[in-house]
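*Asks:* Take the sequence shown: its letters are residues 34 to 92, numbered as in the working numbering.
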Amino acid sequence: NVGEIVEGKLPKAAPDTVTLSLKVPAAMKRALEKEAKAEGKSTGAYARGILADGLMAIA
34 NVGEIVEGKL PKAAPDTVTL SLKVPAAMKR ALEKEAKAEG KSTGAYARGI LADGLMAIA
């Protein structure tokens, strides 16, 4: 279960949220930022969407 999928920016006091820090190559970060901007989303919202899609695909 991936939990509730939230589109866009999470509220500051969203319950049951944690920070996930990970290292990625600089080129990957730039690609994420570019694609997020193209879709009108923040980088975090775009990354959450990718993670949710990937997890739902294997569920």
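All residues carry an ideal CB built from backbone N, CA and C; glycine is no exception.
Can you tell me whether DSSP reads D49 as helix, strand or coil?
*Replies:* For the purposes of this step, residue 49 is identified with residue 16 of the sequence shown, where counting begins at 1. Coil at D49, not helix or strand.
*Asks:* What's the gap between the Cα of E72 and the Cα of L84?
*Replies:* Here residue 72 is taken as the residue at index 39 of the sequence shown, counted from 1. Here residue 84 is taken as the residue at index 51 of the sequence shown, counted from 1. About 16 Å.
*Asks:* Note down, in chain order, each residue of its chain lying with its Cβ closer than 7 Å to the Cβ of L65, except the 5 sequence neighbours on either side.
*Replies:* Here residue 65 is taken as the residue at index 32 of the sequence shown, counted from 1. T76, Y79, A80, listed in sequence order.
*Asks:* Could you pull out every residue in the same chain whose Cβ sits closer than 7 Å to the Cβ of T50, ignoring the five residues on either side in sequence?
*Replies:* For the purposes of this step, residue 50 is identified with residue 17 of the sequence shown, where counting begins at 1. These residues qualify, in order along the chain: L43.
*Asks:* Under a three-way DSSP split, which group does G73 fall into?
*Replies:* If you number the sequence shown from 1, residue 73 lands on position 40. Coil, per DSSP.
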